[in-house]
Amino acid sequence: MTYTTVQYSLDVIKDEARQLVTKGIVSRQQPIYTLCQYIPAREWACVECELEECNFLLRDRIGDLIGHETWDND
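Below, the structure is given as structure tokens:
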């Protein structure tokens, strides 16, 4: 059995978070650590390290991580 390890760059983490917000699974107001429920446990340590390196705290809001949303239909 082969396991593939996903490399979690900040852009990948932001994309994952943005998709979860867009689908209504998580809220922009929830803390970043909420994302650990949707990322495999064995990969969460990598995500946590990447966030720390980019000066994000797990208690920061998901909205702070993904930034401002732009709307095409405005």
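Heads up, the final residue of the sequence shown is numbered 1012 in the working numbering, and it's a clean run with no missing numbers.
Note that the Cβ used here is the ideal one computed from N, Cα and C, for glycine as well.
As the structure is a prediction and not an experimental result, all values here were calculated from the model.
- Of the residues assessed, V950 falls on the exposed side of the cut-off, its CB having fewer than 16 other CB atoms within 10 angstroms.
- With a threshold of 16 other beta carbon atoms within 10 Å, A955 meets it and is buried.
- Around the beta carbon of I1000, 16 or more other beta carbons lie within 10 angstroms, which makes this residue buried.
- Beta-bridge analysis with DSSP links R999 to P969.
- Straight through space, the alpha carbons of R966 and T960 are spaced by roughly 10 Å.
- Per DSSP, the continuous alpha helix (DSSP H) segment holding Q957 begins and ends at 948-960.
- Judged by DSSP secondary structure, V985 falls within the alpha helix (DSSP H) whose first and last residues are 979-991.
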